[in-house]
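First residue of the sequence shown? That's 632 in the working numbering, and the numbers climb one at a time after it.
Even glycine gets a Cβ: it sits at the ideal position worked out from N, Cα and C.
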Amino acid sequence: MFNAPGVARGLSFTKVIGGLSKTLQIANQVIPLYQKAKPMIHNARSMMGILKEFKKSNPKTIEAKEAVVINTTAKPKNSITTKKEESTSPTFFL
């Protein structure tokens, strides 16, 4: 195999070093991407398990209670308004 004339002619130390360099460059780009994507893949597997549990939900229904909303806006104390009405109708005393 190593005595073949084509292999000896096409294979050199500089070509091997160049190939290793390209391989290491690709690995340096892929490894950080894998490390960032690994937690997302793990969480996706966990989410699938959670979704399966939701599909097995109990037939019990949850009733929502009405919330009482209280408006607590304070009126300014300095703004006293007086309203004077002039009425032309008669006043009845009981």
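- Task: Can you give me the Cβ contacts of Lys686 inside the same chain, cut-off strictly under 8 Å, excluding the 5 residues immediately before and after it?
- Result: Counted from its first residue, the sequence shown places residue 686 at position 55. So no residue of the chain qualifies.
- So the alpha helix (DSSP H) Leu655 belongs to, where does it begin and stop? Counting from 1 along the sequence shown, the entry for residue 655 is found at position 24. Leu655 -> alpha helix (DSSP H) spans Phe644 to Lys686.
- Query: Any C-beta of chain C sitting closer than 8 Å to the C-beta of Pro670?
  - Reply: Although the question refers to chain C, the structure presented lacks it and comprises just one protein chain.
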